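One structure is given here, and the rest of the page talks about it.
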Ligand SMILES: CC(C)(COP(=O)(O)OP(=O)(O)OC[C@H]1O[C@@H](n2cnc3c(N)ncnc32)[C@H](O)[C@@H]1OP(=O)(O)O)[C@@H](O)C(=O)NCCC(=O)NCCS
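Written as structure tokens, this is what we have:
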């Protein structure tokens with residue numbers, strides 16, 4: 251596999267089967283595929299950014315960013331949460347996840363999004379610009395993150411003004427608003 255052969259494309263409704271296939275293979279269960287399907291139907295998650303990575307015509311990775319809100323769902327500041335990120339097993343550890351994150355961040359900036367959050371692996375996401383312990387930066391997660399894994403809730407600024415803009419509790423889209431999705 252040569253990285254230059256990988257193409258990243260924004261998804262449409264026609265890609266639903268490929269997205270579900272990638273999520274199921276990557277996680278080895280149906281849970282993330284179901285969450286992704288629900289998020290893609292959720293009005294409160296809009297505007298979403300959903301990208302598929304292809305090797306030739308084969309879908310090999312998927313990343314989803316959904317809208318989040320600071321303090322209130324009426325707040326107009328555009329911020330996003332990254333979840334889930336999935337790369338099918340035979341393509342893992344070859345930089346595809348990193349490519350999806352970088353392309354996603356570029357496109358979120360073009361959309362005018364100000365911040366992106368993730369609850370994930372503490373050794374992985376900081377390599378792509380995420381800062382551990384977003385609560386300490388002023389952005390508590392939608393559900394409390396236990397103290398011993400607080401670094402897993404991370405944030406990245408998408409603007410040159412960084413974190414000087416508003417702070418507050420992060421509210422996620424309705425389809426993600428369940429405590430079981432917030433355990434690291
Ligand atoms: C986690 C995942 C998205 C990473 O994508 P990828 O294309 O394999 O990763 P990349 O090639 O960009 O980066 C590889 C690095 O990630 C690390 N990594 C891969 N899976 C990891 C995991 N589960 N936990 C921590 N680090 C992991 C590798 O050790 C490697 O580190 P290195 O650069 O220091 O060698 C992918 O492995 C995957 O889909 N895993 C199963 C689903 C999952 O756990 N998703 C994460 C949701 S937060």
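Numbering (the working numbering), first residue to last: 251 to 434.
Virtual Cβ for every residue (Gly too), placed ideally from N, Cα, C.
In this text, all values refer to a predicted model and were calculated from it rather than measured experimentally.
For residue 276, the Cβ falls inside the 7 Å cut-off from some heavy atom of ligand 1. Two segments are said to touch when three or more pairs of C-beta atoms, one from each, lie closer than 8 Å; by this definition the region 413-432 touches the region 311-322.
DSSP places residue 313 within a strand segment (E or B) once states are collapsed to three. DSSP assignment within the region 291-341 yields the following whole beta strand (DSSP E) runs of 3 residues or more, N-terminal first: 299-305, 308-320 and 329-337.
The count of Cβ pairs closer than 8 Å, one atom from the region 368-377 and one from the region 280-288, stays below three, leaving the stretches out of contact. In the DSSP assignment, residue 369 is bridged to 403.
At the C-beta level, residue 372 and residue 391 stay beyond 8 Å of one another.
Here the alpha carbons of residue 383 and residue 398 stand approximately 11 Å from one another.
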